[in-house]
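> Before we start, here is the structure in question, set down as structure tokens.
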Amino acid sequence: MRSNFRPNIRLATNILLVIGTFSIALKIAPIAVIYQEKNLCIKYLKHQIDRDELIKRLKIVKQANPSSICDSIFKS
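Numbering-wise, the working numbering comes out as the position in the sequence shown, counting from 1, plus 234.
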């Protein structure tokens, strides 16, 4: 009868690789959100999108000044 040791090691390795890949993806997601916000502010400052579009995409209140919000995003 053949040993199941090698297939079990291969299966365990594949499972660990999948878990590692998803953990890396979950750690990268918040960084991507920050860069998306920075790109939106850069487009706003270059007049590629208007104030209402920036407010809608950043989900901020209308009374807020987008320039000051962009300043705070750039500092973080």
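Yeah, the Cβ is synthetic: ideal placement off N, Cα and C, and Gly gets one too.
Would you kindly work out how many angstroms separate the C-alpha atoms of I294 and L260, rounded to a whole number?
Going by the C-alpha atoms only, they are around 25 Å apart.
> Please classify A298: does DSSP put it in a helix, a strand, or coil?
In this structure, A298 counts as coil in the three-state DSSP scheme.
> Grab me the residues of E271's own chain with a C-beta within less than 7 Å of its C-beta, minus the 5 sequence neighbours each way, in chain order.
Taken in chain order, the residues that qualify are L292, I307.
> The alpha helix (DSSP H) spanning D286 covers which residue range?
Segment 285 to 292, the alpha helix (DSSP H) holding D286.
> Where does Q282 fall in DSSP's three states?
In this structure, Q282 counts as coil in the three-state DSSP scheme.
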